[in-house]
Each structure stands twice: as structure tokens, then as C-alpha cells.
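S.K.: Taken in sequence, the protein lines are chains L and G.
Under the numbering used here, the first residue of the first sequence is numbered 35, with each subsequent residue one higher.
Under the numbering used here, the first residue of the second sequence is numbered 35, with each subsequent residue one higher.
Below you will find the structure I want to go over with you.
2 protein chains.
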Amino acid sequence: MTALLLKNVRPMGVDATDILILDGRFADAGESIPAGIETIDGDGALMLPGLVEAHTHLDKNLIGMPWWRNQNGPHRSDRIETDRREKKRLGIDPARQSARQAVQTLALGVTAIRSHVDVDTEIGTASIAGVMATREAYRDMVDIQIVAFPQSGMLIREGTVALMEEALRMGADIVGGLDPAEIDRDPVRHLDVIFGMADRFGKPVDIHLHELGELGAFSMELIIERTRALGLQGRVLISHAYCLGMIEPARHDSLAAGLAEAGIAVMTAGPAGFPAPRIKRLHELGVLVCGGCDGPRGTWSPYGRGDMLERAALIGQRNGFSRDEDLEFALEACTTLGARALGLPDYGLGSGCKADLVLVDAETAAEAVADVPIRRLVVKSGRVVARDGAPVGVSAP
Amino acid sequence: MTALLLKNVRPMGVDATDILILDGRFADAGESIPAGIETIDGDGALMLPGLVEAHTHLDKNLIGMPWWRNQNGPHRSDRIETDRREKKRLGIDPARQSARQAVQTLALGVTAIRSHVDVDTEIGTASIAGVMATREAYRDMVDIQIVAFPQSGMLIREGTVALMEEALRMGADIVGGLDPAEIDRDPVRHLDVIFGMADRFGKPVDIHLHELGELGAFSMELIIERTRALGLQGRVLISHAYCLGMIEPARHDSLAAGLAEAGIAVMTAGPAGFPAPRIKRLHELGVLVCGGCDGPRGTWSPYGRGDMLERAALIGQRNGFSRDEDLEFALEACTTLGARALGLPDYGLGSGCKADLVLVDAETAAEAVADVPIRRLVVKSGRVVARDGAPVGVSAP
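Right, here's the structure in full:
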């Protein structure tokens, strides 16, 4: 039986206490402490639950690779082309790169990841296989969910649907989708296909929806209709949902009510350069919201390291948050609410939960969001996996 | 004569070279290297010019103070009230806090700062005196410009104008202004008073303009008219200029032409939660743009450390930049263009310029913006002032 005692830590900023972890889980308050177990002095540090990355692309970052000069054109289609071309040209290996990102973000306290992974008629399911290899190799370090993601379009590229089905049979967890009108040019058929697939395979759905204004809102209505019709409440997530940051307030609230009723969650990266869902209003209206970094250092975007604590700060700033309670809510979107949106079992700091946690030097959760301090300690299922921002006992190729 | 040799550094990413600094300035290429001078191996690091903070509030941050629980109301007026109250209640000492921020940001490579400093009928000119003390004490470490800033309003608080004049006589460098319509409720008279003061004292002007849409655009027109009438071209800066992120494209471009012709610069923090000027379009239209962090960790906003390299990344993201040339432009706004907007003499990496520089581990300037690496070395006027993110030979109270 593995055991760990964290002395003098403050869970979510409450009074300092000692935390006993037995067999990878938080022990009950009354549990007696086994003699001679590993003990770490937390020195009054703030203890947060493991950070949850609800949206990234593990298969195609450029971490640890030479700097790539970005000369992308302005359209999403330019980036899709560049992405497919450079993956081959640069030899972006999905197994290696996913391992690098997973280890890098583990040292930043990210203990669970949902990754979209490209499936297309050029790369086939090779990226799925690569990220599955990482998932297996690092299974004790980080929980990885894999979305079979038709990045290059699905209906517009014959054969993609069959490849997505193959990905699901291989072990992908979730059916992905992408801008049903803007990319696939046929919102109804795109959504019918992916919801049909989810229904047949018994899998959840996660759809990239960048479509703006009323076009995005219409796609969202179609998603709500299909979620209800197929009884997929609680198993559908819309990623980005830019349109919610643009439409009229009354229309927004009515659409949000539809999302809440259908149990559809919304993921945001708090994008500074795009319209963004207002997470507090959505939460008030009963919509489950969560946060993700999207891809760090890649051909899509050059920014960042995949730090979900920094992401909470960016989401906070994008939403105009300055009050402590709002910063705490931004952090919730990157922890507890993210875990709920991803359906992670036994998540949290309560007894019986999986002991995934992060220690930082901060008085309160709000200060942790505002300052983005170094992660002093990261624990995954009761095992120390990082100290002072660097991985411990785990490395990437 | 002080002398320093930096070996094996890459100025702005060009081929590695050795850089000789004599008497605080970059030496000519042909200059012979004095025997036995201090030599630092740059190990191929990227060399950037000193970062320029074009907009902050040195007098009222909370750096090094206990975490302050932000419960501000939603309006700017709520924050102004809170600010004035908490300055007294918490004992926010302007000399101490300005020194703390200056030293903290020096370690991040910021070698020049323009700070707005509050002048009001409660605090009088005490904050001006405090920041002036820091300016004097740290004069060899960082260049500080002081704006006499009527944070609580000017016309609406009898006696403020006389205090601003007192501040200018004491040694403030610039006449400040604030939302002439929204706060002072009389845009024409507010601007007449501050431009009159600038004219009489022979000082530049720097106006906070948060006013939205056409209201802000109207205030901007009034600023352009007064700048031209008084011959203040090249000596007026508009801070924030949110309205430029909201108005119709044709109106935007016409207003930008007016700004360009009147030689009025625009400062942006790239605010994720507010409308923001599009700096590339403004630059194309001939408007001088620059970047600033605004206040780190304070009662206005809890975020950040005043890092101008991170700010370049935030400005880049706010402007939707992903191409390398655009990231480089965001960095320019926080270096060269900032220096121009602030009228800093002898700024840059050319021979004869003041040797203010930063070394970072990055292949290119774009990578430095995307990754925000630790500052390996900071040099101010030829003297090493920080290494590996920590100040050297300089500390704050």
C-alpha cells in the first residue's frame, strides 16, 4: 500500500492541516497514519486539486523542436493546410510530441487532459495511435482522453468518416466535430453523421465550433436538437463557442437555456483575439463551463506552455474578472468544472477522491490565479510527479 | 571608464557577435577592446533592447504586501473610490511601492518606465514626492517618467488643478488627463485645462481615455484639435483608447489619420476584457503605438508582475497575431516604438546608444514573445542589474 503524508498545507486556502493519502486516494479524516510513511512538509502552501486541461491537441505541438517561423495566412483554412503540410515536412511525431506536452504540463500541475487528435485521409489514424501510446506509457501520471477529430473536414474529404470509426474502434474515447457549416459546408449532415456515430459507438461528442454570430448560433441549435433527440444529455461539449460572445443578450440567454437543459457543456480558452463565451453568465444560466489552453507552441498558435493556471488568469482577464470570487470561479473552470465536463471519476480534494493535487505559494486561490506561481509540488494519484516546476521520476523522449 | 564585453550574443536574432560597451554606451564596431575588462559569455543568447513600460502606476501597487481581497463593484467610479480608501487604510507607501515595482520589473528587463502618479485633494502631491524619491534613488537603474495624474477627477474635485500644477513644479514630467466626459463630465473644459497647463509649463500630455465608442471618438477629436492648435505634435499620448476597438472601420481610419497627422501616439495594454486598438492597422496608418502593463497586483487589477515581454505576448494575442513578423511587431511596441513614444534619447542597440539590453534564451524575437523566457541578463547603461530573473546589486525596501 502506497502512503504519503502532506503536512501543513491549506486546501483551497482553508486553515493549515495535514493530508493523508493512502493507496492513491485522500484518506478519511479519522484514518490513522501508518508508521514511517513518506512525509512532505507543505510549509503552509496552498493546495489545489490537479488542474484539468479540457481542450488541447497533444498530437501536433512543437515542444522541444526548433522554432518554426509562422507565416500563416489569415483564414482557418490556411492554418489547416499549413498544419497538414508541416506535420509531414517537420516530422512531428504524435507519440513523441504528446509525451513532451504531457510531461511539460504535468510539471505545471495538469493531471488530466482531453486531447483532440487529428484523423484525416493523409495521416489516417496514425496520430490516434501515437497519442494512445503516450496515454498507455504515462497512464499513472496523467489521465488522457482522446477525441477523434476531423481537423481537415469530414464530409469534404471522402473516407474520413470510416477513419473516425476506425479511431473509435482503436480506443478513441470521444467523437469530434468541426464547424459543420464553415468547414464541411453542410451543418445538418455533418452533425447527423457525428451524432449518429456517437449513438452507434456509445461515445460522447466534443465539437469545435468557431462559427461566428448567428451562423454559430444556428449550428448550436442543431447540436441541442440532436443531443436531446438521442438522449446524450451530459455527454456533449462545445469547444470555443465564439458565437456566444457575439449574439444579442436575449438570444444568448435563450440559447444558454437550451444548452443547460440539454446538459451541453462549453469549453473556452478565453481567447483574447476572438469573441468569447461569458462564463459567469453561462454558469448563472446553468451551463457547465470549463477551460482549456488549446495547442501550445504549434503551427496554429505560437503562444504558451499549456499552463492551466495561467489559463485561468487569461480566462479571468478575457471575462473582465477582478474580484476574488470571480478569479476563484475562473480557477474552478480549470479544475472542478473541467473535471465534471470531462466526466472524470472521483475528482476533488474530498476523502475518497483520487489524490491529484498541486501545491503553490499563495495565500488564496485568487492570488494563485493572479500571480501564476511556480508549482512547488504536483501529486498524481498519491505519487509525487513534479517539484518546483520540474518533473520528478518521469521524462519525455 | 566602465567597460563590459558581451561575447557570443545575437542582437535581435542576427548572427552571434561580441558587443563592447564603453561608458554605458554601445561602442563603435571598430573600437578596440580595453585589456582586462569584465567579460560575460552570452552563450548565443538572443539580445533585445531594454523593455519599455509606457504605462503603469508605480505609486499604488501591492507588491510585497499581503494579498488584498478584491470586492470592487463593476464601475470605474467604484474602483476610484476603493483605490482612494485602500491607499490610506492599507498604508500603501508610494516611495516603497514604486521602488518595489521598479526593482521587480528591472529583473524582468524593463529599463524605462512612464508612470502615472495620482494627484488628488486627499493625497495631494505626496505620491508624486514618493515616486520622485524612487526615481532619484534608482536613477542609474531605470529611467522613470512621472505623469501628474488626476485619478479622482480634476474639474469635479476643486483644488486638483492647483495640485497638478504644484506636481509639475516639483518635477513631474507630463500633464495627465482622464476620461474628460465620463469622469469630469465636461470634455471641452477638461481638455482646455490640461492642454493649457501643458502649454504654460512646456510639458507633454498623456491622457487616459477609456471612453467607449463614439463618446471616446469625440474626446479624441477634441484632443487632436488641441494638439494641433498648440503645436504639441509629437508630445501627446492617448492611453488605452478603447474606442478605437469599437468604431466603424471607415470612422476608425479617418480618426487614425487625424492622430497620425497630429503626431499623437496610442498606448495599449492589449486588454483582453475591453475593446482594444488594433495596433497593426494603426501603425499602417502612421500612428505611433506602444505598450504598457498598467498596474500589476493592485486594487484595480490583481493580475501580473509588470512583465513587458509577457505584455508583448498579451498584446499579440489580443490583436490576433500568430505570424512571426506580427509577434516581432508586438515586441517593437514594447521596445523601440515605446521609446519613441516616450521620447527616450539614445535608445536602441546601435553604436552610441545607451547600453540597455536583455538577454534571453530564444532563437528569435518571435520565440521570445511566444515563450516569455526568464531574463538571463539585464544590463542598464552598461551595468549588470539582473541575472536569471533576480536583481543584482539593487534591492527595494
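Glycine residues also receive a C-beta, built at the ideal position from the N, C-alpha and C atoms.
Using the DSSP secondary-structure output, state which residues sit across from residue 227/G in a beta bridge.
M.R.: Numbered from its first residue, the second sequence carries residue 227/G at position 193. The partner list for residue 227/G (beta bridge, DSSP) is empty, contrary to what the question assumes.
S.K.: Determine whether the Cβ of residue 335/G lies closer than 9 Å to any Cβ atom of chain L.
M.R.: Walking along the second sequence from the start, residue 335/G turns up at place 301. With 9 Å as the cut-off, residue 335/G counts as an interface residue toward chain L.
S.K.: Give the straight-line distance between the Cα atoms of residue 72/L and residue 206/G, rounded to the nearest whole angstrom.
M.R.: In the first sequence, residue 72/L corresponds to position 38, counting from 1. In the second sequence, residue 206/G corresponds to position 172, counting from 1. Near 59 Å, if we compare the C-alpha coordinates of residue 206/G and residue 72/L.
S.K.: Quick one: Cα of residue 349/G to Cα of residue 59/L, how far?
M.R.: Numbered from 1 along the second sequence, position 315 holds the residue referred to as residue 349/G. Numbered from 1 along the first sequence, position 25 holds the residue referred to as residue 59/L. If you take the alpha carbons of residue 349/G and residue 59/L, they lie about 42 Å apart.
S.K.: State whether the region 140 to 147 of chain G contacts the region 398 to 413 of chain L, with contact taken as three or more CB pairs (one from each stretch) at a distance under 8 Å.
M.R.: Segments in contact, no.
S.K.: Please return the same chain residues whose Cβ sits closer than 6 Å to the Cβ of residue 177/L, not counting the five positions on each side in sequence.
M.R.: Looking up residue 177/L in the first sequence gives position 143. 146.
S.K.: Can you tell me whether residue 295/L is helix, strand or coil according to DSSP?
M.R.: Residue mapping note: residue 295/L aligns to position 261 of the first sequence, counting from 1. In this structure, residue 295/L counts as helix in the three-state DSSP scheme.
S.K.: Do you know offhand how far residue 105/L's Cα is from residue 331/L's?
M.R.: The sequence position of residue 105/L within the first sequence is 71, counting from 1. The sequence position of residue 331/L within the first sequence is 297, counting from 1. Computed Cα separation, rounded: 14 Å.
S.K.: Output the distance between the C-alpha atoms of residue 161/G and residue 110/G, rounded to the nearest integer angstrom.
M.R.: One-based indexing of the second sequence puts residue 161/G at position 127. One-based indexing of the second sequence puts residue 110/G at position 76. C-alpha separation (whole angstroms): 21 Å.
S.K.: Under 9 Å, do residue 278/L and residue 301/L count as touching if we go by C-beta distance?
M.R.: Looking up residue 278/L in the first sequence gives position 244. Looking up residue 301/L in the first sequence gives position 267. In this structure, residue 301/L does not lie closer than 9 Å to residue 278/L by Cβ.
S.K.: Establish whether the CB of residue 331/L and some CB of chain G are separated by less than 9 Å.
M.R.: Working through the first sequence from its first residue, we reach residue 331/L at position 297. Yes - at least one Cβ of chain G is within 9 Å of the one on residue 331/L.
S.K.: Starting from the beta carbon of residue 397/G, find every residue of chain L whose beta carbon is closer than 8 Å, and list them in chain order.
M.R.: Counting from 1 along the second sequence, the entry for residue 397/G is found at position 363. Near residue 397/G (Cβ distances below 8 Å), the residues of chain L are 100, 101.
S.K.: How many angstroms separate the CA atom of residue 286/L from the CA atom of residue 426/L?
M.R.: As a position in the first sequence, residue 286/L is number 252, starting the count at 1. As a position in the first sequence, residue 426/L is number 392, starting the count at 1. Rounded to whole angstroms, residue 286/L to residue 426/L spans 46 Å at the Cα level.
S.K.: Whole-angstrom Cβ separation of residue 428/G and residue 419/G, contact assumed at under 8 Å?
M.R.: By 1-based counting over the second sequence, the position of residue 428/G is 394. By 1-based counting over the second sequence, the position of residue 419/G is 385. Sure, about 6 Å apart at Cβ, within 8 Å.
S.K.: Quick check on this structure: which residue in 168/L, 272/L, 155/L, 48/L has the alpha carbon closest to the alpha carbon of residue 298/L?
M.R.: Taking the first sequence and counting its residues from 1, the one referred to as residue 298/L is at position 264. Checking every option, the nearest Cα to that of residue 298/L belongs to 272/L.
S.K.: Can you pull out the residues from the region 229 to 262 of chain G whose beta carbon lies closer than 7 Å to at least one beta carbon of chain L?
M.R.: Answer in chain order: no residues at all.
S.K.: Compare the Cα-Cα distances from residue 289/L to each of 407/L, 321/L, 337/L and report the closest residue.
M.R.: In the first sequence, counting from the first residue as 1, residue 289/L sits at position 255. Of the candidates 407/L, 321/L, 337/L, the one whose C-alpha sits nearest the C-alpha of residue 289/L is 321/L.
S.K.: Tell me whether the region 206 to 221 of chain G and the region 181 to 194 of chain G touch, counting them as touching only if at least three CB pairs, one residue from each stretch, are closer than 8 Å.
M.R.: In short, these stretches touch, since the Cβ pair count reaches three.
S.K.: Would you check if the distance between the CB atom of residue 84/G and the CB atom of residue 392/G is smaller than 9 Å?
M.R.: For the purposes of this step, residue 84/G is taken as the residue at position 50 of the second sequence. For the purposes of this step, residue 392/G is taken as the residue at position 358 of the second sequence. Cβ atoms of residue 84/G and residue 392/G: closer than 9 Å.
S.K.: Out of 413/G, 346/G, 339/G, 387/G, which one is the CA nearest neighbour of residue 98/G?
M.R.: By 1-based counting over the second sequence, the position of residue 98/G is 64. The candidate whose alpha carbon is nearest that of residue 98/G is 339/G.
S.K.: Are the beta-carbon atoms of residue 256/L and residue 222/L separated by less than 9 Å?
M.R.: For this step, residue 256/L is matched to residue 222 along the first sequence. For this step, residue 222/L is matched to residue 188 along the first sequence. Result yes, Cβ atoms of residue 256/L and residue 222/L sit closer than 9 Å.
S.K.: Have a look at the DSSP bridge pairing and note the partners of residue 218/G.
M.R.: Taking the first residue of the second sequence as 1, we reach residue 218/G at position 184. DSSP, once it has assigned bridges, lists no residue as partnering residue 218/G.
S.K.: Pair every Cβ in the region 357 to 377 of chain G with every Cβ in the region 111 to 119 of chain L, then say whether three or more of these pairs are closer than 8 Å.
M.R.: The region 357 to 377 of chain G is not in contact with the region 111 to 119 of chain L.
S.K.: Does residue 49/G get closer than 9 Å to chain L when you measure Cβ to Cβ?
M.R.: Sequence index remark: in the second sequence, residue 49/G carries index 15 (1-based). So, not an interface residue.
S.K.: Are residue 304/G and residue 345/G closer than 9 Å when you measure CB to CB?
M.R.: Here residue 304/G is taken as the residue at index 270 of the second sequence, counted from 1. Here residue 345/G is taken as the residue at index 311 of the second sequence, counted from 1. In this structure, residue 345/G lies closer than 9 Å to residue 304/G by Cβ.
S.K.: Would you identify the three-state DSSP class for residue 488/L, choosing helix, strand or coil?
M.R.: Because chain L here runs from 35 to 431, residue 488/L falls outside it and cannot be looked at.
S.K.: What first and last residue would you give for the alpha helix (DSSP H) that runs through residue 61/L?
M.R.: In the first sequence, counting from the first residue as 1, residue 61/L sits at position 27. Residue 61/L -> no alpha helix (DSSP H), and no H or E assigned at all.
S.K.: Look up residue 95/G in the DSSP assignment and give the residues it is bridged to.
M.R.: Reading the second sequence from its first residue, position 61 is the one you call residue 95/G. In DSSP, residue 95/G forms a bridge with 332/G.
S.K.: Check each residue of the region 394 to 418 of chain G: if its Cβ is closer than 9 Å to any Cβ of chain L, include it; give the result in chain order.
M.R.: Taking 9 Å as the Cβ-Cβ cut-off against chain L, the residues of the region 394 to 418 of chain G that qualify are 396, 397, 398, 400, 401, 403, 404, 405, 406.
S.K.: When you compare the CB of residue 351/L with every CB in chain G, is at least one pair closer than 9 Å?
M.R.: Along the first sequence, one-based indexing puts residue 351/L at 317. Closer than 9 Å: yes.
S.K.: Who pairs with residue 421/L in a beta bridge, going by DSSP?
M.R.: One-based indexing of the first sequence puts residue 421/L at position 387. The partner list for residue 421/L (beta bridge, DSSP) reads 411/L, 424/L.
S.K.: Is it buried or exposed for residue 151/L, if we count other Cβ within 10 angstroms and need 16 for buried?
M.R.: Reading the first sequence from its first residue, position 117 is the one you call residue 151/L. Residue 151/L is buried by the Cβ-count criterion.
S.K.: Pop quiz: residue 276/L and residue 244/L are said to be a contact at Cβ under 8 Å. What is the actual Cβ separation, rounded to whole angstroms?
M.R.: As a working note, residue 276/L is residue 242 in the first sequence. As a working note, residue 244/L is residue 210 in the first sequence. Contact holds; Cβ gap of about 6 Å.
S.K.: Just list the residues that DSSP pairs residue 206/G with in beta bridges.
M.R.: Start at 1 with the first residue of the second sequence, and residue 206/G comes out as number 172. DSSP output for residue 206/G lists no bridge partner at all.
S.K.: Ignoring anything shorter than 3 residues or poking outside the region 232 to 293 of chain G, list the beta strand (DSSP E) runs there in chain order.
M.R.: As far as the region 232 to 293 of chain G is concerned, its whole beta strand (DSSP E) runs of at least 3 residues are 239 to 243, 270 to 274.
S.K.: Measure the CB-CB distance between residue 136/L and residue 416/L and report whether it falls below 9 Å.
M.R.: Looking up residue 136/L in the first sequence gives position 102. Looking up residue 416/L in the first sequence gives position 382. No, these two residues do not count as a Cβ contact at 9 Å.
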